[in-house]
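In what follows, a single structure is set out as structure tokens and then discussed.
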Amino acid sequence: MVKRLLLLLLIIVVFALSLTTCDLFVAVFSMSPFPGYLSQAVASVYMGHDIEQFLGENYTDWESDVYVLRNSTSEYVFLVVRRNPGGQIVYAFDTSLDLEVSETVSEQNRLHLAEADTGDFVVGRVRFSGDPLTASYPYPTDNIDAWDKQMFAHNGNNYIVWSGFDGSHSYLYADEYSSAWGSPSNSTTTVEEYAERRLVGLGYEPDTTNFGDPVLGAGITPVYLFIHGRSEDGGREERFLHIIRSDAGAYSGSLVAAPADLFTGSPAGYVSEKIENIDDEYPVFYTRKGIVAGTDRRGTFQLLKLNGQKIKSFYITPDERTPIDFDIDGEYYYLFDEQTMRLYKAKTGF
Amino acid sequence: MKYRGIARIAAVAGLFLWITTTLWAKEFKTCLFPTVDLSTTQENSQYQSIISNQLRVELTSAGFRIIPREEWEPVLKERGIRVGELYQGNTAVEVAEQVDAEIAVVSFYSVEERQLILEIKCYDVAQNALVSGVFKTARINLSVYNVIGEAVAELIPGIRLIGPPPNVKSAVVEEIALVCEDEDTEIYLGDTGFVGRITGGQLLLPPIPFAVGSKITIEKRKEDYHDGVETIKLKEPEMLIELKPLRKKAHSATELNWTMGQLLGFGLAHRFYFVPDSSYFAAEHYFYLQHNLADSKPVFHHDLRLLLGGYLFTGPHAALRINLSTGFGLIVTYFWLRDQPVYTDYYWNLVNVGLELNFNKYILYVRSEQKYALGIGVDSVLGRGWMSAFGEGPTSFTLGVARKW
Numbered sequence: 016m017v018k019r020l021l022l023l024l025l026i027i028v029v030f031a032l033s034l035t036t037c038d039l040f041v042a043v044f045s046m047s048p049f050p051g052y053l054s055q056a057v058a059s060v061y062m063g064h065d066i067e068q069f070l071g072e073n074y075t076d077w078e079s080d081v082y083v084l085r086n087s088t089s090e091y092v093f094l095v096v097r098r099n100p101g102g103q104i105v106y107a108f109d110t111s112l113d114l115e116v117s118e119t120v121s122e123q124n125r126l127h128l129a130e131a132d133t134g135d136f137v138v139g140r141v142r143f144s145g146d147p148l149t150a151s152y153p154y155p156t157d158n159i160d161a162w163d164k165q166m167f168a169h170n171g172n173n174y175i176v177w178s179g180f181d182g183s184h185s186y187l188y189a190d191e192y193s194s195a196w197g198s199p200s201n202s203t204t205t206v207e208e209y210a211e212r213r214l215v216g217l218g219y220e221p222d223t224t225n226f227g228d229p230v231l232g233a234g235i236t237p238v239y240l241f242i243h244g245r246s247e248d249g250g251r252e253e254r255f256l257h258i259i260r261s262d263a264g265a266y267s268g269s270l271v272a273a274p275a276d277l278f279t280g281s282p283a284g285y286v287s288e289k290i291e292n293i294d295d296e297y298p299v300f301y302t303r304k305g306i307v308a309g310t311d312r313r314g315t316f317q318l319l320k321l322n323g324q325k326i327k328s329f330y331i332t333p334d335e336r337t338p339i340d341f342d343i344d345g346e347y348y349y350l351f352d353e354q355t356m357r358l359y360k361a362k363t364g365f
Numbered sequence: 035m036k037y038r039g040i041a042r043i044a045a046v047a048g049l050f051l052w053i054t055t056t057l058w059a060k061e062f063k064t065c066l067f068p069t070v071d072l073s074t075t076q077e078n079s080q081y082q083s084i085i086s087n088q089l090r091v092e093l094t095s096a097g098f099r100i101i102p103r104e105e106w107e108p109v110l111k112e113r114g115i116r117v118g119e120l121y122q123g124n125t126a127v128e129v130a131e132q133v134d135a136e137i138a139v140v141s142f143y144s145v146e147e148r149q150l151i152l153e154i155k156c157y158d159v160a161q162n163a164l165v166s167g168v169f170k171t172a173r174i175n176l177s178v179y180n181v182i183g184e185a186v187a188e189l190i191p192g193i194r195l196i197g198p199p200p201n202v203k204s205a206v207v208e209e210i211a212l213v214c215e216d217e218d219t220e221i222y223l224g225d226t227g228f229v230g231r232i233t234g235g236q237l238l239l240p241p242i243p244f245a246v247g248s249k250i251t252i253e254k255r256k257e258d259y260h261d262g263v264e265t266i267k268l269k270e271p272e273m274l275i276e277l278k279p280l281r282k283k284a285h286s287a288t289e290l291n292w293t294m295g296q297l298l299g300f301g302l303a304h305r306f307y308f309v310p311d312s313s314y315f316a317a318e319h320y321f322y323l324q325h326n327l328a329d330s331k332p333v334f335h336h337d338l339r340l341l342l343g344g345y346l347f348t349g350p351h352a353a354l355r356i357n358l359s360t361g362f363g364l365i366v367t368y369f370w371l372r373d374q375p376v377y378t379d380y381y382w383n384l385v386n387v388g389l390e391l392n393f394n395k396y397i398l399y400v401r402s403e404q405k406y407a408l409g410i411g412v413d414s415v416l417g418r419g420w421m422s423a424f425g426e427g428p429t430s431f432t433l434g435v436a437r438k439w
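Listed in order, the protein sequences are those of chains A and B. At position 6 of the first sequence (counting the first as 1) the number is 21 in this note's numbering, and the numbers step up by one without a gap. At position 81 of the second sequence (counting the first as 1) the number is 115 in this note's numbering, and the numbers step up by one without a gap.
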């Protein structure tokens, strides 16, 4: 009798464990009215006192952003809090969420990248350099417009890339800055005619030996452009995403000539299949485990292969605009909860 | 379109044909009494034989079997009845009954100032009831023969036999026994009131002359049970009626439930009915873990709420009931992860709509719940807004079972 019970128990345990590998089972059992990051968190830090001190009593209108940036040696997490009207504060944390340094800025700016040549982190006109980090402001001298734009550094240049739609054509624009952030070289290329296409993310893989691209080949630094589109399908608005792979080398000289060709499917294999049911209000992130995109099911994200195929779904937060960014390895994501004023570091589970 | 009325006419004609042929096919024994002249003079007595003969011919040809005068005349003598009195229905029926006739036909007329007034009546002997009759007037000329013919022709199709009255004795229910598993249940009958109490599992009702085929309404009452009402059709003179058991009044119920979005846990609740099985206060505690079944650290939630609830449309005997409830609650959240705060989220449980399968002791239910986080207090993790595990729509669905006490 006891043996039978033990056998039954063993079968139940094995069955339950096997169910935990089933996406649907996991999705159903991990559903919650509470944000998913609560149970995925490995660390958090309360920033309420600092932020309230920055905002003072006169600012009730504010927003925040989280950026995870990596240079050749280190990775840092930056939290930017912007108050309206005017000014922002940039907090720099190490990956254990220990606050390294912060700097208050009198204007608002969304520049965020590991700078070409120096590897310094430039976030909202604050330059973070050294170990431990020190902050200097203002940098660059000119207030570069980075609102709703994507940026990366490559081969001694800093690039800012963004999209636009004039009612009949969608364009991709790029500014190429030297490491001294002087006057940029500008370039424009047409992405598609008679359709609105929007650049919503950009991933840059600095180390091709770490993550080779089977299409572009070894020794080529890939850039991933994440472009959302909208179209009317039988009166129903359809939102979708394409992942476009490009070579960072294409951004030298004749900037952004390649993406336009890629978007039309030439050469084949550089543009992913159409990824549907995407939340086009959410940015898309590059990690070495795959591309992360928000879905139109609130709070649920998808991990995608470069060809657009889904790897898995996972639930993070029901809030429609929670500041979030992923580390390049895809191990962790960092999220700032404006309700609890906590910055979380959480495991992706990828 | 132009043939639309034909079917109706055909149906009526068919019915008429069926009635007449059925009637005619059966040879009713008929007492045809002589026509009586009620005129003040004898000068128009010739019409007596004309009318009588006409009636005889028509009735005979219609299939009525005329009882010979020799059979009923002795009855007249025996009872001292004159032929001239046979225009009176009662007298005629009385005589006809003596000779086992089924139908009695009387006719009489009078002539005043050359105006004929004719009346023919036909009686169902068993019922002593007039079943057909004609009344005609005519000037005394040749047309009088036509009028007599018309009167006779009109009389015959109108003849209907009512038949013998029902046997009243056999139509009464003689005995009604009630069987019921609820001992000491008081039994009430509609207009009669209290008739007895279930003892030893049964009750023999006192003799009340209910007609077979009638319906009676039985009301059952027992302390701490819901009243029950049953309507029974009395089909037989002796009835054994098995009554349905009464529902015990539930004063409280304990619930065990499971909610979507909170599947790694369970809820316990207790209802306190301030109107048994109808309206209640409930207190509930739902404990659940939040975990993604991978390498996450669990978060613990305790959902505590107070509800006010009740039922719509149906009473405690209904098998399917719709439950509504509303209330307030709070969710206490704490972490396995160190150095995390304890959060408290207050919410308004706007409405819960439940569909319940109602058994004697148990309730099985599925419930849709709508919760709105109030975002009050300093340590709120949800903020203000609808709580939902589905993104949009109801907050959650709950499956549960309740044991009534």
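The beta carbon of each residue, even a glycine, is placed where N, CA and C say it ideally should be. Nothing here was measured: the structure is a model prediction, and the numbers come from that model.
Beta-carbon proximity list for residue i, same chain, < 7 Å, skipping 5 on both sides
{"i": "His-325/B", "result": "Leu-298 and Pro-332"}
{"i": "Lys-325/A", "result": "Gln-317 and Leu-319"}
{"i": "Val-96/A", "result": "Ile-66, Phe-69, Trp-77, Ser-79, Gln-103 and Ile-104"}
Separation of residue j from residue i, as counted between CA atoms
{"i": "Pro-240/B", "j": "Ile-275/B", "result": "14 Å"}
{"i": "Ala-436/B", "j": "Leu-20/A", "result": "29 Å"}
{"i": "His-64/A", "j": "Tyr-74/A", "result": "14 Å"}
{"i": "Lys-282/B", "j": "Val-387/B", "result": "25 Å"}
{"i": "Thr-88/A", "j": "Ile-339/A", "result": "22 Å"}
{"i": "Val-178/B", "j": "Gln-149/B", "result": "10 Å"}
{"i": "Lys-289/A", "j": "Leu-256/A", "result": "6 Å"}
Residues of its chain near residue i, where Cβ-Cβ distance is below 6 Å and the 5 sequence neighbours each way are ignored
{"i": "Leu-433/B", "result": "Trp-292 and Val-400"}
{"i": "Leu-389/B", "result": "Val-400"}
{"i": "Lys-249/B", "result": "Thr-265 and Lys-267"}
{"i": "Val-127/B", "result": "Ala-138, Tyr-157, Val-159 and Asn-162"}
{"i": "Ser-59/A", "result": "Arg-357 and Tyr-359"}
{"i": "Gly-167/B", "result": "Lys-155"}
{"i": "Trp-420/B", "result": "Tyr-406"}
Cutoff 9 Å: residue i Cβ touching any chain A Cβ
{"i": "His-325/B", "result": "yes"}
{"i": "Leu-290/B", "result": "no"}
{"i": "Gln-236/B", "result": "no"}
{"i": "Gln-296/B", "result": "yes"}
{"i": "Leu-433/B", "result": "no"}
{"i": "Val-309/B", "result": "no"}
{"i": "Leu-440/B", "result": "There is no way to answer for residue 440/B, as the model of chain B reaches only from 35 to 439."}
{"i": "Pro-417/B", "result": "First, the amino acid is wrong: residue 417/B is Gly here, not Pro. Judged by the 9 Å Cβ criterion, Gly-417/B is in contact with chain A."}
Cutoff 9 Å: residue i Cβ touching any chain B Cβ
{"i": "Val-43/A", "result": "yes"}
{"i": "Tyr-14/A", "result": "Any answer about residue 14/A is impossible in this case: the structure gives chain A only from 16 up to 365."}
{"i": "Gly-345/A", "result": "no"}
{"i": "Lys-304/A", "result": "no"}
{"i": "Gly-364/A", "result": "yes"}
{"i": "Phe-49/A", "result": "yes"}
{"i": "Ala-56/A", "result": "yes"}
{"i": "Phe-316/A", "result": "no"}
{"i": "Tyr-61/A", "result": "yes"}
{"i": "Leu-53/A", "result": "yes"}
{"i": "Asp-352/A", "result": "yes"}
{"i": "Tyr-348/A", "result": "no"}
{"i": "Thr-355/A", "result": "yes"}
Exposed unless 16 or more other CB atoms sit within 10 angstroms - verdict on residue i
{"i": "Ile-26/A", "result": "exposed"}
{"i": "Gln-103/A", "result": "buried"}
{"i": "Leu-302/B", "result": "exposed"}
{"i": "Thr-156/A", "result": "exposed"}
{"i": "Val-307/A", "result": "buried"}
{"i": "Ala-129/A", "result": "buried"}
Same chain only: Cβ atoms within 8 Å of residue i, ignoring 5 sequence neighbours per side
{"i": "Phe-244/B", "result": "Val-206, Val-207, Ile-210, Ile-250 and Leu-268"}
Residue i CB to nearest heavy atom of the ligand GTP below 8 Å
{"i": "Ser-248/B", "result": "Ligands are entirely absent from the displayed structure, and the ligand GTP is therefore not among its contents."}
> At which residue ranges does the segment 111 to 192 of chain B contain complete alpha helix (DSSP H) runs of 4 or more residues, listed in the order of the chain?
Replying inline: 123 to 132 and 177 to 189
> Fully enclosed by the segment 196 to 253 of chain B, which beta strand (DSSP E) runs are 3 residues long or longer?
Replying inline: 209 to 213, 220 to 223, 227 to 231 and 236 to 238
> What alpha helix (DSSP H) runs, 4 residues minimum, are completely inside the segment 30 to 100 of chain A?
Replying inline: 38 to 44, 52 to 55 and 63 to 70
> Residue ranges of each beta strand (DSSP E) run of no fewer than 3 residues wholly in the segment 126 to 158 of chain A, ordered along the chain?
Replying inline: 127 to 129, 136 to 138, 141 to 144 and 149 to 151
> Where are the beta strand (DSSP E) runs, 3 residues long or more, that stay fully inside the segment 313 to 342 of chain A, in chain order?
Replying inline: 315 to 319, 325 to 330 and 339 to 341
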